[in-house]
Amino acid sequence: MEEFAALLDALVYTTSRNRKLALIAAYLREAPDPDRGWALAALTDGLDFPAVKSSTVRNLMMERVDPVLWALSRDFVGDTAETASLLWPEPEDSAPQPDLSLAEVVAHLSALTRATAPRELPALFDRLDAKGRYALIKLATGGMRVGVSARLAKTAFAMAFDVPVEEVEEYWHALTPPYAELFAWAADGGPPPDCEHTPRFRPFMLAHPLEDGVVDLADYAAEWKWDGIRVQLVRAGGETRVYSRSGDDISATFPELLDVLPVDAVLDGELLVRGSAQGGEAGGAASFNALQQRLGRKSVSGKMLKEFPAFVRLYDVLLLEGTDWREHPWKSRRATLEALMPHLPESHFDLSQLVEAPDFAALAAIRDTARDEAIEGLMLKHRESPYVAGRKVALWYKWKRDPLLVDCVVMYAQRGSGKRSSFHSDFTFGCWNGDPDAGAELLPVGKAYTGFTDAELKQLDKFVRQNTLNKFGPVREVKRELVFEVAFDSVHSSKRHKSGLAMRFPRIHRIRWDKPAHEADRIKGLRALIKD
Amino acid sequence: MTAAFSWIRPEPWGIHIVPADAWVDPSRPVPRALVTHGHADHARGGHGATLATPATLAIMKLRYATSDGAQPVEYGETVSIGGGVTATYLPAGHVLGSAQILLEYAGERVIITGDYKRAPDPTCAPFEVTPCDIFITEATFGLPVFTHPPIREEIAKLLEAREENPDSCILVGAYALGKAQRVIAELRAAGHTETIWLHGAMEAMCRLYEEHGVLLGDLRLVSAAKKDEMRGQIVMAPPSALNDRWSRRLPEPVTAMASGWMRVRQRARQRGVELPLVISDHADWNELTRTIAEVNPQETWITHGREEALLRWCELSQRRARALALVGYEDEDD
Chain A
1 MEEFAALLDA LVYTTSRNRK LALIAAYLRE APDPDRGWAL AALTDGLDFP AVKSSTVRNL
61 MMERVDPVLW ALSRDFVGDT AETASLLWPE PEDSAPQPDL SLAEVVAHLS ALTRATAPRE
121 LPALFDRLDA KGRYALIKLA TGGMRVGVSA RLAKTAFAMA FDVPVEEVEE YWHALTPPYA
181 ELFAWAADGG PPPDCEHTPR FRPFMLAHPL EDGVVDLADY AAEWKWDGIR VQLVRAGGET
241 RVYSRSGDDI SATFPELLDV LPVDAVLDGE LLVRGSAQGG EAGGAASFNA LQQRLGRKSV
301 SGKMLKEFPA FVRLYDVLLL EGTDWREHPW KSRRATLEAL MPHLPESHFD LSQLVEAPDF
361 AALAAIRDTA RDEAIEGLML KHRESPYVAG RKVALWYKWK RDPLLVDCVV MYAQRGSGKR
421 SSFHSDFTFG CWNGDPDAGA ELLPVGKAYT GFTDAELKQL DKFVRQNTLN KFGPVREVKR
481 ELVFEVAFDS VHSSKRHKSG LAMRFPRIHR IRWDKPAHEA DRIKGLRALI KD
Chain B
1001 MTAAFSWIRP EPWGIHIVPA DAWVDPSRPV PRALVTHGHA DHARGGHGAT LATPATLAIM
1061 KLRYATSDGA QPVEYGETVS IGGGVTATYL PAGHVLGSAQ ILLEYAGERV IITGDYKRAP
1121 DPTCAPFEVT PCDIFITEAT FGLPVFTHPP IREEIAKLLE AREENPDSCI LVGAYALGKA
1181 QRVIAELRAA GHTETIWLHG AMEAMCRLYE EHGVLLGDLR LVSAAKKDEM RGQIVMAPPS
1241 ALNDRWSRRL PEPVTAMASG WMRVRQRARQ RGVELPLVIS DHADWNELTR TIAEVNPQET
1301 WITHGREEAL LRWCELSQRR ARALALVGYE DEDD
């Protein structure tokens, strides 16, 4: 545990990507099995101990420190694990105890239940120092916040044992912690892991934004960029699974898709709900708002299935009946997909149509109509592009329509967490429900925490501190003085908000220090943009 | 209770001693100021008269290039400031020259601590616990998560990092007044005799400390060094220079920072610090609470910092307390 705790600390304080890679690689080479496998799982957010939640830790602290002092400390530090590790009272008799291995800690944590955790965790905490407690709580509750993505951890693994990272990715989703087969292969020269017959996730190919560029339509094909969620449908060994963009298995949320794929395949597409908001009747898809009713559910009622029927609009084929198409150019994969379509049930699949245009200027004109059709924009795919994991320059582009802009007044600010702890970085803003000079009120229309620089963050934090009207825990109500120009992709009606609307992807486009609050926009104008 | 002490009135820009019409650490120019110590947020220029310790006055002269109106008061000395009020300056243990100010009027005693700490510091006189009725304390690190480890451990971390990085320099960010000299003095006490390299903004203050009897050993300026000379060496700079263009002249620096905030990981990350050194010239949580208990005043007033938590502690230990909303004190680099 000491080694792992030291690794986490070193990662926190290292900004350089190369040094992070070197630190993780060195740890993976030196730590014993299965400790290093558990560490890799922790860094890739692959561990889950349902008996230990942030609230479990908080409750333990409440029994030991004054709740007000706890809340003030937690608010300042911005991280429950770190606050608890610092505030945990050191045991009176602190005779040094032998270090626990990471595997022992994982075994302890796995054996806990909600009932036993509050009894048994304190003994574990007592055996560790502040650094060790921090590592333990992070391990148990997830979210390392050491500036290491899963991809970086896998890259470090590949570096440590000199194997290609693409191959690591290929096996990754078929294996579970502590990844014994993966270490046996990469570190000890054993055979590659056997995962032929598991319906496993393959990393998605992603697109770069097209910024002011022009492409030649002889080289690139265009498709609509549908506003649903990107999914991968995999059938192998007689079982079908649905994966989200991050590789999460969301099969249980969309049971209607689990017995409709007649062949072994890996398909890439957009999950949508039937409707006509996007692209009219021909578009056949409801707004993202409708799809949202279906997301995040562990089980789905029959009523839900009927009211919001899901289907997949297919973009690409990765594997089909034993053939790996990923090395082949997009145009061949497209032909394969088109040939497959007649074999798929229309009830649950359709094909993402190509958008034809004589030249780029004509395509730009078509894209400009996308807003009326409530579509996000266009995708541009190189006709010769293989299907490669991640974002590779010049293969695929997303060409979103320009964002909508609205001037809003900042109403509330909340402290950020992690790297932004103690800075007020999450803002709620509103628009006027009438003429502000005739006594209209501001109603919240959205929340955003991106779009400003670090220097602007400091200025905003200062503004919040100097203009606080009220404090509600970590939230401050501020004087209605500051205007944000907010960019967003679309706006939908929503019963959850008093203003009756919700923005999609709001971000702060510009801070209008110069603009008086009463000149900000009105709700009425926003409402006119709803295309549900 | 407070009615009886109406002769001392906290205002947003300082503490007003009404019968004497004098101010303690005012953040705007006043005819007469009593200054606790030389940090810029407490010792501003432009007052008619300034009562402070000789070291603090020397620091202010260095800062503002004038000693007009300077009235030195030695530690332990009591001066009459008019209107029947006397002021006694007592060591605060914060930086060279730092003082608590004991004010007495009509049999009532009020202490204003300015900034202070209880941990030993070879560069200044130690804090003296003095009984009083009202104790006006700072609370920069007034949260129970803040405990400053013994400085020896942090200095050992610094020397260890130096051993481990013979091709780099260790760039230590430290407040130019107080923190820098304390770190240097502690390095010397730990047996580090080699040259320590300074950012230009620190030179004059180090010289002033030496003139006041604090020996700092061999110090040289980065601007006079060749890059290779600084490999494996310790370089001191103000925190603002850490990520500045200035640091590009250094050989692959490992960025360290000496500050009480370094106790919190994400605070260190925000500043891009690779080697956090938890070294502060302010009292930590245990020192704050211990000091209030030892002074044992009738009432505690809290000037600046994390006052809510310290108020709560006073409430839990059944001590009368209130927070004063003073503006203009900044503590981000301590």
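Same order as they appear, the protein sequences are chains A and B. Heads up, the first sequence is in our numbering, so the first residue is 1 and it goes up one at a time. Heads up, the second sequence is in our numbering, so the first residue is 1001 and it goes up one at a time. Positions of the beta carbon are idealized from the N, C-alpha and C atoms, including for glycine. Note that the coordinates shown come from a computational prediction; the quantities given were computed from them, not determined experimentally.
When the distance is taken between beta carbons, is Pro444 of chain A closer than 7 Å to Gly430 of chain A? Yes, they are a contact pair.
Between the stretch 1250 to 1271 of chain B and chain A, which residues of the former have a C-beta closer than 8 Å to a C-beta of the latter? Taking 8 Å as the upper bound on Cβ-Cβ separation, chain A lies near residues Arg1263, Val1264, Arg1265, Gln1266, Arg1267, Ala1268, Arg1269, Gln1270 of the stretch 1250 to 1271 of chain B.
When you compare the CB positions of Ala1268 of chain B and Pro1276 of chain B, do they come within less than 7 Å of one another, or not? Closer than 7 Å, so yes.
If Gly1173 of chain B and His1094 of chain B are in contact, beta carbons under 8 Å, what's the gap, nearest whole angstrom? With a Cβ gap of about 19 Å, Gly1173 of chain B and His1094 of chain B do not count as contacting.
Nearest-angstrom Cβ-Cβ length linking Pro34 of chain A and Ala103 of chain A, presumed shorter than 8 Å: Between Pro34 of chain A and Ala103 of chain A a beta carbon distance of about 5 Å is seen, short of the 8 Å cut, so the two are scored as contacting.
Ser499 of chain A: contacting residues in chain B (beta-carbon distance under 8 Å): Listed along chain B, no residue sits closer than 8 Å to Ser499 of chain A by beta-carbon distance, the nearest being about 33 Å off.
Consult DSSP for Met1202 of chain B and reduce its assignment to one of helix, strand or coil. If DSSP states are grouped into helix, strand and coil, Met1202 of chain B belongs with the helices.
Out of curiosity, what's the CA-to-CA distance linking Cys1132 of chain B and Val1110 of chain B? So the alpha carbons of these two residues sit roughly 6 Å apart.
Can you have a look at Thr56 of chain A and say buried or exposed, based on whether 16 or more other CB atoms are within 10 angstroms of its CB? So Thr56 of chain A counts as buried.
State yes or no: is the beta carbon of Ser352 of chain A nearer than 7 Å to at least one beta carbon in chain B? For Ser352 of chain A, not one C-beta of chain B is nearer than 7 Å to its own C-beta.
Closest by CA to Leu529 of chain A, which one among A:Gly473, A:Leu404, A:Leu482? Closest option to Leu529 of chain A, judged by alpha-carbon separation, among A:Gly473, A:Leu404, A:Leu482: A:Leu404.
Check the Cβ-Cβ distances between Glu1164 of chain B and every residue of chain A, and say whether any is below 7 Å. Under the Cβ distance rule, Glu1164 of chain B does not count among the residues neighbouring chain A, no pair being separated by less than 7 Å.
Could you name the residues of the same chain whose beta carbon sits closer than 8 Å to that of Ala1241 of chain B, not counting the 5 residues immediately before and after it, in chain order? Result list for Ala1241 of chain B: Gly1173, His1199, Ala1201, Ser1247, in chain order.
Give the residues from the stretch 1299 to 1312 of chain B that approach chain A closer than 9 Å (Cβ to any Cβ), ordered along the chain. If the cut-off is 9 Å between Cβ atoms, the stretch 1299 to 1312 of chain B has Arg1306, Glu1308, Ala1309, Arg1312 near chain A.
Starting from Glu1154 of chain B and walking both ways along the alpha helix (DSSP H), at which residues does that stretch end? Per DSSP, Glu1154 of chain B is one residue of the alpha helix (DSSP H) stretching across 1151 to 1164.
Contact list for Glu1274 of chain B against chain A, beta-carbon separation under 8 Å: The contacting residues are Tyr13, Thr14, Thr15.
Can you check which of these residues, A:Gly283, A:Leu40, A:Pro262, A:Val263, is closest to Leu272 of chain A by C-alpha distance? The residue from A:Gly283, A:Leu40, A:Pro262, A:Val263 with its alpha-carbon nearest to that of Leu272 of chain A is A:Gly283.
Do Leu1057 of chain B and Leu1034 of chain B come within 7 Å of each other at the CB atom, strictly closer than that value? Note that the C-beta distance between Leu1034 of chain B and Leu1057 of chain B is not below 7 Å.
Go ahead and label Trp513 of chain A buried or exposed: buried means 16 or more other beta carbons lie within 10 angstroms of its beta carbon, across all protein chains shown. Counting Cβ neighbours within 10 Å, Trp513 of chain A comes out exposed, since fewer than 16 surround it.
With DSSP run on the structure shown, which of helix, strand or coil describes Gly1046 of chain B? Secondary structure at Gly1046 of chain B: coil, using DSSP grouped into helix, strand and coil.
Rounding to the nearest angstrom, what Cα-Cα distance links Met1001 of chain B and Pro1072 of chain B in this structure? Here Met1001 of chain B scores only 45 on pLDDT, less than 50, and its place in the model is too uncertain to base an answer on.
So that I know if they touch, is there some Cβ in chain B lying closer than 7 Å to that of Val68 of chain A? So yes, Val68 of chain A belongs to the interface.
Taking Cβ-Cβ distances shorter than 9 Å, what residues in chain A pair up with Pro1144 of chain B? Val65, Asp66, Leu69, Trp70, Leu72, Ser73, Leu86, Leu87, listed in chain order.
In angstroms with no decimal places, state the Cα-to-Cα distance between Ala1293 of chain B and Ser244 of chain A. Going from the Cα of Ala1293 of chain B to the Cα of Ser244 of chain A covers about 58 Å.
Listing by chain order, which chain A residues have their CB less than 7 Å from the CB of Leu1316 of chain B? Result: Asp66.
Per-residue DSSP class, three states only, for Gln353 of chain A: In the three-state scheme derived from DSSP, where H, G and I count as helix and E and B as strand, Gln353 of chain A is classed as coil.
Whose CA, out of A:Arg294, A:Thr450, A:Val406, lies closest to the CA of Trp432 of chain A? For Trp432 of chain A, the nearest C-alpha among the options comes from A:Val406.
Thr83 of chain A versus chain B: which residues are under 8 Å apart at the beta carbon? Think of a sphere of 8 Å around the beta carbon of Thr83 of chain A: the chain B residues whose beta carbon falls inside it are Val1145, in chain order.
My output table needs one value for Ser276 of chain A: the three-state DSSP class, helix, strand or coil. For Ser276 of chain A, the secondary structure class from DSSP, reduced to helix, strand or coil, is strand.
For Asn989 of chain B, name the three-state secondary structure that DSSP assigns. Since the first residue of chain B shown is 1001 and the last is 1334, residue 989 of chain B is not available in this structure.
What residues match up with Tyr1075 of chain B in a beta bridge as DSSP calls it? None, per the DSSP bridge assignment.
Need the endpoints of the alpha helix (DSSP H) that Phe76 of chain A sits in, please. Here the alpha helix (DSSP H) through Phe76 of chain A covers 67 to 77.
Looking at the strands, I want to know which residues DSSP matches up with Tyr243 of chain A. Per DSSP, A:Gln232, A:Asp249.
Counting only beta-carbon separations shorter than 7 Å, does Val77 of chain A have a partner in chain B? Put simply, the CB of Val77 of chain A is near chain B, with a gap under 7 Å to one of its CB atoms.
Taking C-alpha atoms, which residue in A:Val12, A:Arg119, A:Tyr27 lies nearest to Glu63 of chain A? Just measuring C-alpha positions, the residue of A:Val12, A:Arg119, A:Tyr27 sitting nearest Glu63 of chain A is A:Arg119.
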